[in-house]
Amino acid sequence: MLFGIHWDTSGSTLTFALSILPILLIGLKVTIEATIFGFLLALSVGLLLAILRSSRLRVVSWPIWFVIEFLRDTPLLVQLFFLFYVLPMYGISLPALMIGIIGLGLQYSAYCAEVYRAGIEAIDHGQWEAAHALDLSKLTIYVDIVLPQAIPRIIPALGTYLVAMIKDAPLLSAITVLDMMAASTIIGDQTYNYIVPLTMVGGLFLVSTLVASYLVNRLDRALPKTGIPMK
396 MLFGIHWDTS GSTLTFALSI LPILLIGLKV TIEATIFGFL LALSVGLLLA ILRSSRLRVV
456 SWPIWFVIEF LRDTPLLVQL FFLFYVLPMY GISLPALMIG IIGLGLQYSA YCAEVYRAGI
516 EAIDHGQWEA AHALDLSKLT IYVDIVLPQA IPRIIPALGT YLVAMIKDAP LLSAITVLDM
576 MAASTIIGDQ TYNYIVPLTM VGGLFLVSTL VASYLVNRLD RALPKTGIPM K
């Protein structure tokens, strides 16, 4: 039994699969929540890192470069273990799911930062000079000029990382998050039947990534890509 739901091992494989489907769907809900909130965090932190990384002040850009490289070049699982096991030693105790969201968000913020930076640097230099000549603030330049042109063009790249995050979400089971992968493992441990739950989990992940890819493609087509040409 898991989540208060019993499974049926007395009948056929189909009966067993149907009995564990509600359990896996509850786990899928946790996986989707972690992915959505983790990706929103990655988009937000990534944009901040990209802006700071583009600074002409080396005292700002170099430390940010190190942070980005550290996040990109260390395994996500190590980062999750650090957040889960080390932070409580310093009095910072957070729910496992929240730690998973933070871990996913920080890891992928580094990748998103590079995508943002590529889009920002593709803006024609003349537009920056014109904006500075008009004495526009940095915030106005980014909000009204740079980002409206850059973001529509980087949607496909950001969407690629969304799909990658969905596929990395099972790592959260390593820090006791009861997601779809953890649920399938528990079912397998108790029934000695791993083939059915793991096959179903693989199918649900495939559906999730296909849906995410479809939505990203629709968004990419819906957003206008007009405006002043980029480089």
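Take 396 as the starting number for the sequence shown in the working numbering and just add one per residue. C-beta atoms are modelled at their ideal positions from N, C-alpha and C, and glycine is treated no differently.
From this set, L610, L420 and L447, which residue's C-alpha is nearest P551's C-alpha? Restricting attention to L610, L420 and L447, the CA atom closest to the CA of P551 is found in L610.
Please state the DSSP three-state secondary structure of I640. The first residue shown for the chain is 396 and the last is 626, placing residue 640 beyond what the model contains.
The alpha helix (DSSP H) with A703 in it runs from where to where? Since the first residue shown for the chain is 396 and the last is 626, residue 703 is missing from the structure and cannot be characterised.
Give every residue of the same chain whose Cβ lies closer than 7 Å to the Cβ of R467, excluding the five residues on either side of it in the sequence, and list them in chain order. Counting only Cβ-Cβ distances below 7 Å, and skipping sequence neighbours, we find A505 and Y506.
Can you say whether P592 is buried or exposed, counting buried as having 16 or more other CB atoms within 10 angstroms of its CB? Flag for P592 reads buried.
By alpha-carbon positions, which one of F461, W523, F398 and K424 ends up nearest to S414? F398
Rounded to whole angstroms, what's the CA-CA distance from I581 to I418? Just pull it up for me. Our two residues, I581 and I418, have alpha carbons roughly 11 Å apart in a direct line.
Since G495 is in the alpha helix (DSSP H), which residue starts that stretch and which ends it? A491 to E516
Exposed or buried, P406, counting other C-beta atoms within 10 Å across all chains shown (16 or more means buried)? Sequence inspection shows Gly at residue 406; the Pro mentioned does not correspond to that position. Counting Cβ neighbours within 10 Å, G406 comes out exposed, since fewer than 16 surround it.
Below 8 Å on the Cβ atoms is my contact criterion, and I expect G500 with L475 to pass it. Report the Cβ-Cβ distance as a whole number of Å. Going by Cβ atoms, the distance from G500 to L475 rounds to 12 Å, so no, they are not a contact pair.
Please report the straight-line C-alpha distance between M560 and R548, rounded to a whole angstrom. 20 Å
For D519, the first and last residue of its enclosing alpha helix (DSSP H): Here D519 belongs to no alpha helix (DSSP H), and DSSP marks it neither H nor E.
Taking the alpha helix (DSSP H) that N612 belongs to, which residues open and close that run? I590 to A617
With D574 and T426 assumed to form a contact (beta carbons below 8 Å), what rounded beta-carbon distance in angstroms separates them? 5 Å
Using C-beta distances below 7 Å, list every residue in its chain close to I487, excluding the 5 sequence neighbours before and after it, in chain order. none
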